[in-house]
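Asker: In my numbering, the protein residues as written are 1119 to 1955.
Where is the CB? At the ideal position from N, CA and C, for every residue including glycine.
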Amino acid sequence: MKSYSEISNRYMKQNKKRSLMTIFGIMMATVLIFAVGTFLLSFRDSMIANERSTGNDFEFKFIDVTDKQAEKIIKNVEVANFSVQRSTDDKQSYKVNNKECYLLVGDSGYFKRLYRSKLSSGKMPEKYGEIVIDNYTKKYLETNIGDKIKLENSEGKNEEFEVVGISKSDYYLGLNIATYFDSSRMTSDEKYTVAVNLKSNKNKQSIIKKIASNAEVTINSDNLTGNSKILYLTGNGSNKDKNIALEYITIFVIAIIVVCTIIVIYNSFNMSVIERIRYFGILKAIGATPSQIKRIIFNEGIKMGLIAFPVGCIVGFFALKYGIKIFVGGDLLGMDNFTVKFYWEAILISAVVVAVTIFLSMIFPAEKAKRIPAVEAMKNSNEIKKGKLKKRKSGLIGKIFGIEGDIAYKNIKRTPLRFIITVLALTVSIVIFNVFYGFMDYAKQMVREEYGNVAYQAEVQPSLNFDEKSIDEFKKNSFIKNMSVFRTDNTIYSVIDKNEVNTAAKRYKFEHDFGEDKVNLLTRVISTDNNSLNILKDYIVEGKIDKKKINEGQVIVVAGYKDKNENGKIKTVYPAKYKVGDKIRIPKVNLDLDRKEENYHDKYMNAAKKAVRNNEYYEFTIMAIANRDPFSGFSSDNAVQIFMNNKTANVIKGTKMISRIGINFDNDNDRTRALDYFSKNDNNAMYNYVDKQQAVDLITHTYNQISFFVYCFIIIVSVISIVNILNTISTNLLLRKKEFSTMKAIGMTQKQLRKSVILEGTIYGIISSIIGGVISVALLLLLINVGGGLGEVQYKFAVIPFVLSIIVTILVTYTATLAPLKKLKTLTIVEGIRDDD
C-alpha cells in the first residue's frame, strides 16, 4: 500500500455488495435527472417543430399595417425571418360560381411557413395569377391543375386565375384560394399582415414592443397577436402567471429529484462510514491525519460517481428512446414526429447536479469520520446517545406493546442520527408517491373539468354557404340518436345599468357606447327548440328550466368564468349581478340586417344607440342561470350567452344563422358511421364536422401517456428508496450484534428480541408515515398553488392512495427486519458479545 487513499479501492472490492448498491443509487439518480431533462428538452423541441409544421411557423403577427410599417418590421435586425400576407383581400367579398370564397394573397414566406395545407400535387404559386386550392375547393369547383377560374370581387369585377397546385386539408376551411405577391413591392393603398420569428431566444415580448415602436405601430389586441404555444414553450408567453407556473413546476420537480437522490446517496455513504468508524479510529491511531481520512471517503464517492454517471446517461437515454417506442408508440401527446434527441446541455446539467449531489452526500459523513477522536471511534460509541440513569415510567408505546416496545423506542432514541437518516429515506418515498400521484390526479380533474362537460358527442359547424336543406338530409341517417340545431346572432349588445356591473370580472369588456350611466356588453342570442334547451339542465346553478316559462319567452343566461380568490378557492365571476327574475335588455333595432353585408357592425351600433336614446328594448326575463356552454363545456369569458326558443328569438329582427348543430349517438359504432358519412358527403364544403368525443379521447390518451411517465418516475424513485431502506434497517440491526447478545445474556428471550426488533422497524414506518404525510400534503398544496395558472379547478384530495402509501411504508419497514432477524437467531451469545465487525 503506497498511500491511505488505496484503502478506498480495497474497501470497494471487499464490500462489493455495498459498493454496487451505492453505484446503483448514483446511476439511478443520473438516469432520473438525465432522462427527465432529455425528455423535457425533446418534448419542447418536438412541440415547437409540430406547431411550426402545421402552418404556424411564426412567433408574432402584426395585423393591418401599412406598407411603410411592414417594411420597417421585416428589415429590423431582430427579425430572423418573415411572412407577409395582404390583409385587404381578407376584407373583400369574392365569389366563384356565385359562392363566397376567400382569396389569400401571400409572399414566398407565407407559403413556406403559414399556408396550412400540404401540397399534394403541382406547385405553390410563384407569381400573381397562379393559385393553389385545397381538396375541398377542388371538389366543389370541379377543377384541376391547369384550369382557369374567375373570381368576382364586391365591385363586380372579374379576375382570371390559373390553378397550379392542389393541397390536402384535413378539415374544411371554406372555399380557399391562395395566390402569390412580391412583398418587396408593397403599395400604400393596401394593408398587410406581417408574421415574424425573432433571432433572440429570450425577452421576445420586450423585443417585439421595440420593433413595433420603431415601425410606429401602436400595439393593441387587434393589431398584434402572438403564437402562444411557441412562446410559452420557449418561456416567452405574454401571460406571466402561466410562465411562472411552468417554471415553478419544472423547478419543483427538479428540486424533488435532487433532494431524493441526496438523501438516498447520503444514506448509503453514511451507513458505510458508520460501519467502518472503528477502522477509521485505528487508522488515526497509527498516524492517519483527518484530511487523509476525509480523502479516503471522497475518493470512494468520486470513483463511484465516475463509474455510475456515464452508465446512467447511456441507460437513461436508451430507456427513454426505446421505452417510448415500446410502451407509448410513435404518437406521443398528439405529436406524430416526437423525437428523443441527445442534448449536451442535458449531460452538463446532469453532471453538475449529480456532482453536487455526491458532494453533499459525502461531506457530512466525511466530516464525521474526520472529527471523531480515535479512542471514541475504536469504541464505536459516538453514534449512541448516552443519557442520565433515571427511573422512568413506561410510556404510551410501552403500555401498548410492553417491555419490548419500550426497548425498541429507547434504541431509536439512543441513535438519533441513524433514526433521522432512516426516517428521511422513508419519508422521501411517501412524499414522492403522494405529491406526484396527487398532482396527476389534479391534472386528471382539470382534464375532466375542461373536456368532460360537453353535452354533444359531435358538432357540425356550418359555413356562410350552408344550405339549411342539409339538416333534413342529416336527420334521415339512422346512426343519429338526437340532433339539436342552434341559431345565433353574434353581434348584439345587452345594456346594463352601471351600478349592476361586476367590476371584478376583468375578462369581460365593458364599454359605454350608449352613455356613461349604461354599460353595453357583447351578447350572443342563441335559439333552438324546447327539447334542445333541456340540454342545459346539467349546467344550471340558479333557477330551473320550465317548459311553460320557455313558451312565455323566458330565457337561460350562460355567463361567468372560473377564477381563484385571494384564499385560493375557485369561484365563478359573473359580469353582472344577475339573478332569476331579472330582465335582460337588448336595444330594439328595427332593421332587418344581414351579418354578411358590408359595414354591418356600424349600422347595428347606430341603430342600437338610437333605440337606447328612445328607451326601446327587447326585454327577456331570466328563468335560469347556467355556468357552461353545452358545446365547449365551459363559459365564454368575453360575451354573455342567452338561450331561448326559436319563437322567442323571432321577435328580434335580423338574420338568425345556423351556428352549430349538436349530435349524439347510441354507441361507438354509430359514431364511426357518422364520421365516415360526414367526411365523404359531397356537401362537406358547406360545413365542418367535429367529432368532439374523438377530441376528448385524444385528451384522455394524452393524459394517460403523461401518467405513464410520471408513474415510471414514482416507481423508480420508490424502488431506489425501498432498497435503500431495506439496506439501512438491516445494516443498522446487524451492527448491533453485541447489543442484542448482551440483552439475551441478561434474560431476554428470542421471542422478546424478535418482537423488539420488529417493533423498532415498525416504529420507523409509523413515524415516517406521520412526517411524510404532513410534508406530502404541504408540498402537494404548494405544487397545485404554483401550477394554479394552468387551470381553474378546486382540487379534491384523494384519500385512498394517501392511506395506501402509509400502509405500504409500514409493511416495508416490517419486512426489512425479517432478514437480519434470521441471522441474529443463529448467533450465539458468546459470538455476539465477541463480535468486532
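Which of the three DSSP states is assigned to E1857 in this structure?
Answerer: Within the sequence shown, residue 1857 is the residue found at index 739, counting from 1. Of the three classes helix, strand and coil, the one that applies to E1857 here is helix, per DSSP.
Asker: Let me make sure I understand the geometry here. Which of S1301, F1554, T1352 and E1418 has the alpha-carbon closest to that of N1199?
Answerer: Translated into the one-based positions of the sequence shown, residue 1199 becomes position 81. With distances taken between Cα atoms, N1199 lies closest to S1301.
Asker: Starting from V1676, follow the beta strand (DSSP E) in both directions and report where the run begins and ends.
Answerer: Position 558 of the sequence shown holds residue 1676. Taken as a continuous stretch (DSSP letters only), the beta strand (DSSP E) holding V1676 covers V1673 to V1676.
Asker: Kindly list the residues whose CB is nearer than 6 Å to the CB of G1671, restricted to its own chain and excluding five residues on each side of it in sequence; keep chain order.
Answerer: By 1-based counting over the sequence shown, the position of residue 1671 is 553. Once the five neighbours on either side are set aside, the close Cβ partners of G1671 are T1766.
Asker: Can you give me the Cβ contacts of K1309 inside the same chain, cut-off strictly under 8 Å, excluding the 5 residues immediately before and after it?
Answerer: Mapped onto the sequence shown, residue 1309 falls at position 191. Once the five neighbours on either side are set aside, the close Cβ partners of K1309 are D1182, V1183, T1184, R1204, S1205 and T1206.
Asker: Using a Cβ-Cβ cutoff of less than 6 Å, which residues in the same chain neighbour V1734 once the five nearest sequence positions on both sides are dropped?
Answerer: Along the sequence shown, read from residue 1 onward, the residue named residue 1734 stands at position 616. Residue identity differs from the one stated: residue 1734 is Glu in this sequence, not Val. The answer, listed in chain order, is K1706.
Asker: Have a look at I1550 and S1836 and give me their C-alpha separation to the nearest angstrom.
Answerer: Position 432 of the sequence shown, counted from the first residue, corresponds to residue 1550. Position 718 of the sequence shown, counted from the first residue, corresponds to residue 1836. Cα to Cα, I1550 sits roughly 8 Å from S1836.
Asker: Where in the region 1460-1501 do unbroken runs of the alpha helix (DSSP H), each at least 4 residues long, occur, reported from the N-terminal end onward?
Answerer: As far as the region 1460-1501 is concerned, its whole alpha helix (DSSP H) runs of at least 4 residues are 1462-1489 and 1492-1497.
Asker: What residue does the beta strand (DSSP E) around N1763 start on, and which one ends it?
Answerer: By 1-based counting over the sequence shown, the position of residue 1763 is 645. Here the beta strand (DSSP E) through N1763 covers V1758 to N1763.
Asker: A1742 and I1658: beta carbons closer than 7 Å?
Answerer: As a working mapping, residue 1742 is identified with position 624 in the sequence shown. As a working mapping, residue 1658 is identified with position 540 in the sequence shown. A contact, by the Cβ cut-off of 7 Å.
Asker: Taking C-alpha atoms, which residue in G1240, I1674 and E1634 lies nearest to T1646?
Answerer: Counting from 1 along the sequence shown, the entry for residue 1646 is found at position 528. Nearest option by C-alpha distance: I1674.
Asker: Is the region 1923-1938 in contact with the region 1579-1599, if contact means three or more CB pairs nearer than 8 Å?
Answerer: Counting Cβ pairs under 8 Å, fewer than three are found: no touch.
Asker: How many Å lie between K1862 and I1884 at the Cα?
Answerer: The count along the sequence shown starts at 1 and reaches residue 1862 at position 744. The count along the sequence shown starts at 1 and reaches residue 1884 at position 766. If you take the alpha carbons of K1862 and I1884, they lie about 27 Å apart.
Asker: Nearest CA to the CA of S1468: which residue from P1483, R1234 and C1431?
Answerer: Indexing the sequence shown from 1 puts residue 1468 at position 350. For S1468, the nearest C-alpha among the options comes from C1431.
Asker: Take S1324 as the anchor and find which of T1305, G1353, D1307 and F1299 has the nearest alpha-carbon.
Answerer: Indexing the sequence shown from 1 puts residue 1324 at position 206. Checked all of T1305, G1353, D1307 and F1299; the closest Cα to S1324 is G1353.
Asker: From K1666 to K1327, what does the alpha carbon distance come to, in whole angstroms?
Answerer: Walking along the sequence shown from the start, residue 1666 turns up at place 548. Walking along the sequence shown from the start, residue 1327 turns up at place 209. So the two alpha carbons sit approximately 56 Å from each other.
Asker: By DSSP, does N1782 sit in helix, in strand, or in coil?
Answerer: Locating residue 1782 in the sequence shown gives position 664, counting from the first residue. In the structure shown, N1782 sits in a strand (DSSP, three-state: E or B).
Asker: Could you check how far apart the C-beta atoms of G1173 and S1201 are, in whole angstroms? I think they sit under 8 Å.
Answerer: Working through the sequence shown from its first residue, we reach residue 1173 at position 55. Working through the sequence shown from its first residue, we reach residue 1201 at position 83. With a Cβ gap of about 10 Å, G1173 and S1201 do not count as contacting.
Asker: Secondary structure at V1814, three-state DSSP: helix, strand or coil?
Answerer: As a position in the sequence shown, residue 1814 is number 696, starting the count at 1. Residue state, collapsed to three classes: helix.
Asker: Could you give the DSSP three-state label for D1225: helix, strand or coil?
Answerer: Looking up residue 1225 in the sequence shown gives position 107. Of the three classes helix, strand and coil, the one that applies to D1225 here is coil, per DSSP.
Asker: DSSP three-state call for Y1220: helix, strand or coil?
Answerer: What you label residue 1220 is simply residue 102 of the sequence shown in a count that begins at 1. Looking at Y1220 - three-state DSSP - the assignment turns out to be strand.
Asker: If you measure between the beta carbons of V1613 and N1638, is that distance less than 7 Å?
Answerer: Start at 1 with the first residue of the sequence shown, and residue 1613 comes out as number 495. Start at 1 with the first residue of the sequence shown, and residue 1638 comes out as number 520. The answer is yes: Cβ separation under 7 Å.
Asker: Is the distance from the Cβ of I1770 to the Cβ of Y1736 below 7 Å?
Answerer: For this step, residue 1770 is matched to residue 652 along the sequence shown. For this step, residue 1736 is matched to residue 618 along the sequence shown. It is a contact, given that the beta carbons lie within the stated cut-off.
Asker: Is it buried or exposed for R1746, if we count other Cβ within 10 angstroms and need 16 for buried?
Answerer: On the sequence shown, residue 1746 is found 628 positions in, with the first residue counted as 1. Counting Cβ neighbours within 10 Å, R1746 comes out buried, since at least 16 surround it.
Asker: With a threshold of 6 Å on Cβ separation, who are the neighbours of L1222 within its own chain once the five nearest residues in sequence on each side are excluded?
Answerer: Position 104 of the sequence shown, counted from the start, is the residue given in the question as residue 1222. Excluding positions up to five away in sequence, the list reads A1296.
Asker: State the DSSP-derived secondary structure class of G1232, mapped to helix, strand or coil.
Answerer: Taking the sequence shown and counting its residues from 1, the one referred to as residue 1232 is at position 114. The sequence given here has Leu at residue 1232, not Gly. In the structure shown, L1232 sits in coil (DSSP, three-state: anything other than H, G, I, E or B).
Asker: Taking the beta carbon of L1877 as the centre, do at least 16 other beta carbons fall within 10 Å, making it buried, or is it exposed?
Answerer: Within the sequence shown, the letter at position 759 stands for residue 1877. Flag for L1877 reads buried.
Asker: Starting from the C-beta of N1294, find all residues in its chain whose C-beta is less than 7 Å away, skip the five residues before and the five after it, and write them out in chain order.
Answerer: Position 176 of the sequence shown, counting from 1, holds the residue named residue 1294. If we look at N1294 and ignore the five residues flanking it on each side, its Cβ neighbours are Y1220, L1222, I1251, D1252 and T1255.
Asker: Report the residue from Q1823, H1819, Q1812 and Q1575 whose alpha carbon sits nearest the alpha carbon of I1779.
Answerer: Mapped onto the sequence shown, residue 1779 falls at position 661. Nearest C-alpha to I1779: Q1575.
Asker: Thinking A1426 and I1144 are a contact (beta carbons under 8 Å), I'd like their distance in whole angstroms, please.
Answerer: As a first step, residue 1426 is located in the sequence shown; it is residue number 308 there, counting from the start. As a first step, residue 1144 is located in the sequence shown; it is residue number 26 there, counting from the start. The pair is a contact, with the Cβ atoms about 4 Å apart (cut-off 8 Å).
Asker: Tell me the rounded alpha-carbon separation between D1700 and V1758.
Answerer: Reading the sequence shown from its first residue, position 582 is the one you call residue 1700. Reading the sequence shown from its first residue, position 640 is the one you call residue 1758. In a straight line, the C-alpha of D1700 is about 15 Å away from that of V1758.
Asker: Is there contact between the region 1185-1198 and the region 1152-1168, where contact requires at least three CB pairs shorter than 8 Å?
Answerer: Touching, no, given that fewer than three Cβ pairs across the two stretches are closer than 8 Å.
Asker: Grab the span of the alpha helix (DSSP H) containing V1917 for me, first residue to last.
Answerer: One-based indexing of the sequence shown puts residue 1917 at position 799. V1917 to T1944 is the extent of the alpha helix (DSSP H) around V1917.
Asker: Would you kindly check if the distance between the Cβ of I1329 and the Cβ of E1177 is under 7 Å?
Answerer: In the sequence shown, the residue the question calls residue 1177 occupies position 59. In the sequence shown, the residue the question calls residue 1329 occupies position 211. Not closer than 7 Å, so no.
Asker: In the DSSP assignment, find the unbroken alpha helix (DSSP H) run with Q1187 in it and report its ends.
Answerer: Counting from one through the sequence shown, the residue named residue 1187 turns up at place 69. It spans D1185 to I1192 - the alpha helix (DSSP H) in which Q1187 sits, taken as one unbroken run.
Asker: Between P1116 and L1897, what straight-line distance do the alpha-carbon atoms span, to the nearest angstrom?
Answerer: As displayed, the chain neither begins before 1119 nor continues past 1955, which places residue 1116 out of reach and without an answer.
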